[in-house]
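First comes the structure, then the notes that go with it.
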Amino acid sequence: MNTEGANFVDVGGESTRPGAERVDPETERARVVPVIAALTAAGVPTSIDTTRASVAAAALAAGAAVVNDVSGGLADADMARVVADAGCPWVLMHWRGHSARMRELAVYTDVVKEVCAELGARVDAAIAAGVAADRLVLDPGLGFAKSPEHNWRLSARLDQLVALGFPVLFGASRKSYLGSLLADARGPRPVDERAAATIATTLLAIDAGAWGVRVHDVRANVDAIRVWQATKAAR
Numbered sequence: 017m018n019t020e021g022a023n024f025v026d027v028g029g030e031s032t033r034p035g036a037e038r039v040d041p042e043t044e045r046a047r048v049v050p051v052i053a054a055l056t057a058a059g060v061p062t063s064i065d066t067t068r069a070s071v072a073a074a075a076l077a078a079g080a081a082v083v084n085d086v087s088g089g090l091a092d093a094d095m096a097r098v099v100a101d102a103g104c105p106w107v108l109m110h111w112r113g114h115s116a117r118m119r120e121l122a123v124y125t126d127v128v129k130e131v132c133a134e135l136g137a138r139v140d141a142a143i144a145a146g147v148a149a150d151r152l153v154l155d156p157g158l159g160f161a162k163s164p165e166h167n168w169r170l171s172a173r174l175d176q177l178v179a180l181g182f183p184v185l186f187g188a189s190r191k192s193y194l195g196s197l198l199a200d201a202r203g204p205r206p207v208d209e210r211a212a213a214t215i216a217t218t219l220l221a222i223d224a225g226a227w228g229v230r231v232h233d234v235r236a237n238v239d240a241i242r243v244w245q246a247t248k249a250a251r
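Position 62 of the sequence shown, counting from 1, maps to 78 under the working numbering, and the rest follow consecutively.
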């Protein structure tokens, strides 16, 4: 991933897919720290994907440069302190609860307005806890307590989240709502056949002002972004 153009390799020790069971903190820590330490030693920048402050602290000590917290600080009250002390970037994702409850929590009157408001509240809480505003990155949390319709609305109106004034990280790579859109007689498009759809979401997100994208197929997405950048520059 690094050689293909990724700015950071995101390392996680716990699945956050809908319905996933949690692992204990010791297991999560044991999974991520050696990987981050090895990547750091090899000169590869990393982010730690965790909702636990203790795991984030251990990962930062091992060399991680960014905390990517899918709970936006809601899962562990100590996370803000860890981030503030480290002075590192903190990705705050929109979150309404752990994986096992995602589907029941996907209820909105206006998903774009509510996600922006709830992320705004997380920003306020982070700053009040001592985290510098310029260290914060927002993520709309596609697929996390969101229906396919919610994901499409958030994608179509990503500029409204960008308008809050913080960098926005967009993560649609290989997600199930893409597979559902591209379904045929065999069923949803298989996960490993969603690269082209992912690239389309990447370009739409970048065009809407996203700061970055979280993807699996790095080279293809980097190539697409470079074409987009060259085209914009030539206008």
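Glycine included, every Cβ here is placed at the ideal spot set by N, Cα and C.
Bear in mind the structure is a predicted one, so any value in this text is a computation, not a measurement.
Looking only at its chain, what residues have a beta carbon closer than 6 Å to the beta carbon of Pro183, apart from the 5 residues adjacent to it on each side?
Val153, Trp227
Taking only runs of the beta strand (DSSP E) that begin and end inside the region 82-127, which ones reach a length of at least 3 residues, in chain order?
82-85, 106-109
According to DSSP, what are the bridge partners of Val153?
Val107
Looking only at DSSP bridge pairs, what is Gly203 linked to?
Asp200
Is it the case that the Cβ atoms of Ala75 and Thr67 are separated by a distance below 8 Å?
no
How big is the Cα-Cα spacing for Leu177 and Val127?
11 Å
Cα separation between Ala137 and Gly225?
21 Å
Asp140 (DSSP reduced to helix, strand or coil):
helix
Residues of its chain near Asp291, where Cβ-Cβ distance is below 7 Å and the 5 sequence neighbours each way are ignored
Because residue 291 is not part of the residues shown, which for the chain are 17 to 251, the question remains open.
Determine, using beta carbons only, whether Gly103 and Arg151 come nearer to each other than 8 Å.
yes
By Cβ distance below 6 Å, which residues in the same chain neighbour Tyr47 in space, the five residues on each side in sequence not counted?
The question names Tyr, but residue 47 in the sequence shown is Arg. Taken in chain order, the residues that qualify are Gly29.
Considering Cα atoms alone, identify which of Ala57, Met17, Ala72 is closest to Pro41.
Ala72
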